[in-house]
Structures are given as C-alpha cells and as structure tokens.
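To keep things clear, I will list the structure first and then write my remarks on it.
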Amino acid sequence: MKRNFLFFVFILASNLLMAQYYPVPEWFSNIPASSSTCIYSIGISEPRMQDTALAKQVAINRAISVAAFL
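Numbering (the working numbering), first residue to last: 136 to 205.
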C-alpha cells in the first residue's frame, strides 16, 4: 500500500511540474445566462493545436456536446 501511495504521489508531482499556465480569456468570465429559449455553452479546444480551423471545430463540437447534456 505504501508503495502504491508513493507511486501516486510521484506521478502527481511529475504532472504538476509539467503543467503550464494558460490565462483564461476575458470573455470567459462574462458568459450570458441561459434562458428557456437559448442555451449558452462553451467548448474549449486543445491549447497547443496548430490548425486554427480544426481547433475551432473541436471547440464547437465540445460546446454542442455539453449543451446536449443540459
């Protein structure tokens, strides 16, 4: 059990060291409230995607899938 715990702590620490900070855009904190006729949903693409058209499509698909759960 102790070995598993140490392994978990090691993996967690190594992931924290490799994490990078990406600031949240200003529009992210000013999302309009949803109503009975309109649902607002946000989809975020991968931060390091080079193809902007693909990144936009990924974000749109993620927003649609989140809205489907609402």
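Just so it is clear, CB atoms sit at the ideal spot from N, CA and C, and this is done for glycine as well.
Quick caveat: nothing in here was measured; it's all calculated off a predicted structure.
Inter-residue spacing [alpha-carbon to alpha-carbon] between residue i and residue j
i: serine 200; j: serine 176; result: 9 angstroms
i: serine 164; j: aspartate 186; result: 26 angstroms
i: arginine 138; j: alanine 148; result: 15 angstroms
i: proline 167; j: glycine 178; result: 15 angstroms
i: proline 160; j: cysteine 173; result: 23 angstroms
i: alanine 198; j: serine 180; result: 10 angstroms
i: asparagine 150; j: alanine 202; result: 30 angstroms
Minimum Cβ-Cβ distance from residue i to chain C less than 8 angstroms
i: glycine 178; result: In the structure shown, chain C cannot be found, because there is only a single protein chain.
For the stretch 136-162, which segments carrying the alpha helix (DSSP H) assignment without a break, of at least 4 residues, lie completely within its bounds, in sequence order?
137-153
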